[in-house]
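A.B. asks: One structure is given below, represented as structure tokens, and several questions about it will come after.
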Amino acid sequence: MDRVSAPALPTARPMRPTDVHRVVAIEEEAFTSPWRADTFHTLLDRPGAELWVLEAPGDGVIGYSVLWCILDQGELANIAIAPGYRGKGHGARLLAKVLEIARSRGVESLYLEVRISNTKAAELYRGFGFTQVGIRKRYYDSPTEDAILMVARL
Ligand SMILES: CC(C)(COP(=O)(O)OP(=O)(O)OC[C@H]1O[C@@H](n2cnc3c(N)ncnc32)[C@H](O)[C@@H]1OP(=O)(O)O)[C@@H](O)C(=O)NCCC(=O)NCCS
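Going by this note's numbering, the letters in the sequence shown line up with residues 514 to 667, in that order.
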């Protein structure tokens, strides 16, 4: 009997300067005030910043994350999965990697902000142990909206 192998899963690896073009394309589809290429390039040179991508065999980069680490505190500053790849567990896979990196860098409290209307992302974060610790009023533009501040104790 022929064996049918399952498609290879996407894997996480550190972001490279050559990824930025694709990352910005995903960013522009994900957010109304997207980060520019310059921002990603600057962060790639910053010691406390961890920029990772999720790469699918044959499809290239399908998502990315940006984490800052300062001593025992971290902030998940950005995470996105390309629209056609959402809802398939890739966001969870990437977030699991972020938590692993944060722990390995000695982060004990990992913070993030999420739009109040972004229930999908908030559900993902809750599933990884993040809890709400505050509200930042009018934190976002386009449209103006409050942020939920969440933290996970690692
Ligand atoms: C948020 C985002 C990264 C999630 O990525 P994803 O690949 O779609 O997420 P997953 O498929 O791994 O889903 C993980 C969990 O998220 C939650 N989730 C996913 N889709 C959901 C939906 N339609 N409704 C509610 N919860 C949902 C669930 O808890 C899910 O767990 P489950 O599969 O066990 O039910 C992705 O939607 C995205 O890029 N959004 C645009 C950018 C963004 O909002 N980034 C976050 C800014 S704070």
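Ideal placement from N, C-alpha and C gives every residue a C-beta, glycine not left out. The structure displayed is predicted, hence computed values, not measured ones.
I'd like to confirm something about residue 534: is its beta-carbon nearer than 6 Å to some heavy atom of ligand 1, or not?
C.D. replies: Checking the Cβ of residue 534 against ligand 1 gives no.
A.B. asks: So within the stretch 514-564, which uninterrupted alpha helix (DSSP H) runs reach at least 4 residues, ignoring any that extend past its ends?
C.D. replies: If we require 4 residues or more, the alpha helix (DSSP H) runs fully inside the stretch 514-564 come out as 533-543, 550-557.
A.B. asks: Counting pairs of Cβ atoms below 8 Å between the stretch 582-599 and the stretch 523-543, do you hit three or more?
C.D. replies: As far as the Cβ criterion goes, the stretch 582-599 touches the stretch 523-543, which means the pair count is three or higher.
A.B. asks: Give a yes or no on whether the C-beta atoms belonging to residue 649 and residue 634 are separated by under 7 Å.
C.D. replies: Contact: no.
A.B. asks: Quick one: what does DSSP say residue 602 is sitting in, helix, strand or coil?
C.D. replies: Coil at residue 602, not helix or strand.
A.B. asks: Would you check if the distance between the CB atom of residue 580 and the CB atom of residue 627 is smaller than 7 Å?
C.D. replies: In this structure, residue 627 does not lie closer than 7 Å to residue 580 by Cβ.
A.B. asks: Would the beta-carbon of residue 663 fall within 7 Å of that of residue 641?
C.D. replies: The answer is no: Cβ separation not under 7 Å.
A.B. asks: Can you tell me whether residue 576 is helix, strand or coil according to DSSP?
C.D. replies: The answer is strand: DSSP assigns residue 576 an E or B state.
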